[in-house]
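Chemist:
There are 2 protein chains.
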Amino acid sequence: MVAARNKNAESERLKEVMEVITRKLHEAVKEIEPTQQEWFEAIMFLTKIGHMCDDWRQEFILLSDVLGVSMLVDAVNSRRPSGASENTVLGPFHVGDAPEYAMGHNICLDQKGEDMVVRGRVTDVDGNALEGVKIDVWQANDEGFYDVQQKGIQPDFNLRGVFRTGPDGRYWFRAVRPKHYSIPDDGPVGDLLNRLGRHPFRPAHLHYIVSKDGYDVLTTHIFDPEDKYLHSDSVFGVKEGLIAEFNCIDDPASSEQVGFDGPYWDVEFDFVLAPKEV
Amino acid sequence: MVAARNKNAESERLKEVMEVITRKLHEAVKEIEPTQQEWFEAIMFLTKIGHMCDDWRQEFILLSDVLGVSMLVDAVNSRRPSGASENTVLGPFHVGDAPEYAMGHNICLDQKGEDMVVRGRVTDVDGNALEGVKIDVWQANDEGFYDVQQKGIQPDFNLRGVFRTGPDGRYWFRAVRPKHYSIPDDGPVGDLLNRLGRHPFRPAHLHYIVSKDGYDVLTTHIFDPEDKYLHSDSVFGVKEGLIAEFNCIDDPASSEQVGFDGPYWDVEFDFVLAPKEV
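Protein chains in written order, with my numbering: chain H, 92 to 369; chain D, 92 to 369.
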């Protein structure tokens with residue numbers, strides 16, 4: 092009945108989207124059978140979320156994240172051939188103008204945390220090394236904060252950088268082992284998680300955007316397998332194929348070779364790019 | 092997967108509600124397959140709605156209304172035995188402290204509009220007259236505005252009042268024929284209606300809350316059958332059983348009997364109250 096009103100919509104797509112949304116909303120109401128009071132609580136919950144949003148905080152995205160909707164939207168937009176690396180959520184902490192470094196650079200600018208080497212190889216789905224791949228990485232520090240969350244505490248562009256693969260498709264850089272952190276939980280979405288008995292934490296991870304002309308842009312994370320929140324990521328970003336290995340290297344010769352003074356974490360992770368769909 | 096996280100929710104009901112909402116949201120995403128851009132437009136639409144809400148404007152209720160959700164919530168909460176009068180939406184313009192009048196009082200306090208007599212009988216489902224029924228009525232004026240929308244233009248409590256039935260179950264009062272009006276359409280919900288090719292109007296109606304101890308509270312409207320928006324109410328409030336008859340009485344003796352100077356509209360509408368469920 093509602094959808095029939097939309098026959099003069101400005102586009103077929105808008106009509107289609109509103110038909111599905113209206114139908115699913117009505118199905119939800121019929122199944123939940125909310126009381127008037129419950130309906131009003133839902134109205135006020137959405138209103139509070141709206142009032143929490145400003146230029147710096149997007150509480151509706153947070154709601155989409157904790158309900159698994161953001162990951163699902165990513166999934167329907169990132170169908171890849173078998174063997175290609177999987178996407179996960181972009182998250183709110185990417186910046187567009189991180190500096191480009193030579194391979195091996197240490198992106199930790201304040202020497203805080205446990206040293207780490209991250210390395211791997213980028214190939215196409217046939218295993219051929221890809222040259223000139225742009226690898227844009229960023230991560231939280233060992234206290235679970237990004238530089239942009241701690242302006243004046245962390246140096247600008249701490250723990251972020253851009254690298255480009257050579258003919259062998261290999262990349263490597265130095266950083267510190269990242270830590271798990273809480274999504275912003277002082278608003279209505281945090282209240283909801285609390286009422287649902289859910290914690291607000293994301294397991295430790297590094298962010299990547301791996302891109303090269305002619306290939307699907309890969310927006311993903313790699314995860315620390317030992318993190319206690321690995322199987323309960325508050326935004327459902329973890330995929331089995333994105334869990335890395337973190338090996339402790341306690342060998343002075345190896346440390347000297349990579350430019351560290353003592354033991355460090357060695358993380359190896361390869362990426363496989365899918366050809367761009369045309 | 093998302094719902095499994097909620098096993099420690101503070102209540103079974105919250106768990107159940109969030110399970111349905113999450114499942115329906117995911118079904119909608121799978122069917123719509125939104126692009127990242129479309130998903131972001133949805134986020135920004137909800138954000139704008141939130142920012143439109145304040146103490147005087149509830150844009151999320153408006154969204155619920157124009158998607159037919161408010162009427163559906165009313166329907167699942169108002170299942171009545173056959174023959175009982177049907178509910179419709181309360182709307183935002185009810186006030187709790189309207190004056191109580193003797194039967195026959197004219198609730199039009201500014202003499203503007205076409206004179207109207209409204210009358211009828213309140214019974215139980217067996218047809219027995221109900222005494223002491225509280226009839227709380229309110230309506231827009233002949234320009235489509237409620238008193239509370241035109242403070243200082245219309246007198247306070249214009250076109251609203253409370254009446255109580257006697258032993259015969261009958262009620263009658265005088266007023267003016269109401270006019271259709273637009274829901275507030277200067278916000279994101281109005282923009283949506285516009286993009287969907289839908290108008291924002293509600294057909295002319297009178298509001299009633301009919302109540303007596305021991306019976307289901309009846310919150311409803313009666314509609315003017317000649318209104319051009321009768322079959323396209325922007326909030327889906329019209330039900331066949333709530334369409335009244337408006338008869339023009341052009342007879343000096345009748346006019347004199349009800350206290351008018353000339354022709355007037357005669358509207359007869361009976362209500363049947365359902366016993367309260369215990």
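C-beta atoms are modelled at their ideal positions from N, C-alpha and C, and glycine is treated no differently.
Quickly, what does DSSP pair H:E359 with across the bridge? List them, please.
Modeler: BP columns for H:E359 point to H:R210.
Chemist: Output, in chain order, the set of chain C residues within a Cβ distance shorter than 8 Å of D:T126.
Modeler: Considering every chain present, this structure includes no chain C. Its protein chains are H and D.
Chemist: Tell me whether D:N338 sits in a helix, a strand or coil according to DSSP, three-state version.
Modeler: Strand, per DSSP.
Chemist: Using DSSP's beta-bridge definition, name the partner residues of H:F292.
Modeler: Paired residue(s): H:S273.
Chemist: Measure the beta-carbon distance from D:D361 to D:T214 and round it to whole angstroms, keeping in mind my assumption that it falls under 8 Å.
Modeler: 7 Å
Chemist: Got a sec: is the Cβ-Cβ distance from D:H142 to anything in chain H below 8 Å?
Modeler: yes
Chemist: Candidates D:G353, D:E347, D:Y355 and D:G328: which alpha carbon is nearest D:G182's?
Modeler: D:G328
Chemist: With 16 as the cutoff for other CB atoms within 10 Å, does D:T113 come out buried or exposed?
Modeler: buried
Chemist: With a threshold of 8 Å between beta-carbons, can D:F314 be considered close to chain H, or not?
Modeler: Under the Cβ distance rule, D:F314 does not count among the residues neighbouring chain H, no pair being separated by less than 8 Å.
Chemist: Could you tell me which residues DSSP puts in a beta bridge with D:Q240?
Modeler: In the DSSP output, where bridge partners are listed per residue, D:Q240 has none listed.
Chemist: Go ahead and pull the three-state DSSP assignment for H:F136.
Modeler: helix
Chemist: D:P97 touches chain H at which residues, Cβ-Cβ below 8 Å?
Modeler: The displayed chain sequence assigns Asn, not Pro, to residue 97 of chain D. Result: L287, G288 and R289.
Chemist: Where does D:L284 sit, in a helix, a strand or coil, going by DSSP?
Modeler: helix
Chemist: Count the other CB atoms, across all protein chains shown, that sit within 10 Å of the CB of H:V120; report buried if there are 16 or more and exposed otherwise.
Modeler: buried
Chemist: Pull up the distance between the alpha-carbon of D:F131 and that of H:F136, whole angstroms please.
Modeler: 20 Å
Chemist: For H:Q241 and H:K319, I'd like the C-alpha separation in whole angstroms.
Modeler: Computed Cα separation, rounded: 24 Å.
Chemist: Name the chain D residues whose beta carbon is nearer than 8 Å to that of H:K121?
Modeler: Ordered by position in chain D, the residues that pass the 8 Å Cβ test against H:K121 are L163 and V167.
Chemist: Given 8 Å as the limit, is there contact between the region 167 to 186 of chain H and the region 168 to 187 of chain D, that is, 3 or more CB pairs closer than that?
Modeler: no
Chemist: Could you check if H:S102 is buried or exposed, using at least 16 other CB atoms within 10 Å of its CB as the buried criterion?
Modeler: exposed
Chemist: Give the interface partners of D:M207 over in chain H, defined as CB-CB distance under 9 Å, in chain order.
Modeler: Chain H residues near D:M207: none, gap ~30 Å exceeds 9 Å.
Chemist: Select from D:W229, D:Q230, D:V228 and D:G211 the residue whose C-alpha is nearest the C-alpha of D:L221.
Modeler: D:G211
Chemist: Looking at H:P354: is its Cβ nearer than 8 Å to the Cβ of H:V253?
Modeler: no
Chemist: Smallest Cα separation from D:G305: which of D:Q245, D:K225, D:A335 and D:A266?
Modeler: D:K225
Chemist: Measure from the alpha carbon of D:S345 to the alpha carbon of each residue in D:Q128, D:M207 and D:A95, then state which is nearest.
Modeler: D:M207
Chemist: In the DSSP assignment, find the beta strand (DSSP E) that holds D:T310 and state where it starts and stops.
Modeler: L309 to F314
Chemist: From H:F351 to H:D146, what does the alpha carbon distance come to, in whole angstroms?
Modeler: Taking the straight line from one Cα to the other gives about 40 Å.
Chemist: Comparing alpha-carbon positions, which option in D:G159, D:E359 and D:I134 lies nearest H:L153?
Modeler: D:I134
Chemist: Would you give the residue range spanned by the beta strand (DSSP E) that D:R251 belongs to?
Modeler: R251 to R255
Chemist: Where do the ends of the alpha helix (DSSP H) carrying H:V39 lie?
Modeler: The shown model of chain H, from 92 to 369, leaves out residue 39 of chain H, and the question about it has no answer.
Chemist: Excluding sequence positions up to five away, which residues of its chain have a Cβ less than 6 Å from the Cβ of H:E110?
Modeler: If we look at H:E110 and ignore the five residues flanking it on each side, its Cβ neighbours are A94.
Chemist: Confirm, please, whether the CB-CB distance from H:R268 to D:R289 is below 8 Å.
Modeler: no
Chemist: Mapping the DSSP letters down to three states, classify D:A220 as helix, strand or coil.
Modeler: strand
Chemist: Indicate whether H:D357 and H:N338 have their beta-carbon atoms separated by less than 8 Å.
Modeler: One thing to note: H:D357 has its Cβ within 8 Å of the Cβ of H:N338.
Chemist: How is the alpha helix (DSSP H) around H:A166 delimited, first residue to last?
Modeler: V160 to V167
Chemist: With a cut-off of 8 Å on the beta carbons, I'd call H:L321 and H:P294 a contact; round off their distance for me.
Modeler: 5 Å
Chemist: Would you report the Cα separation of H:Y272 and H:H312, rounded to the nearest angstrom?
Modeler: 14 Å
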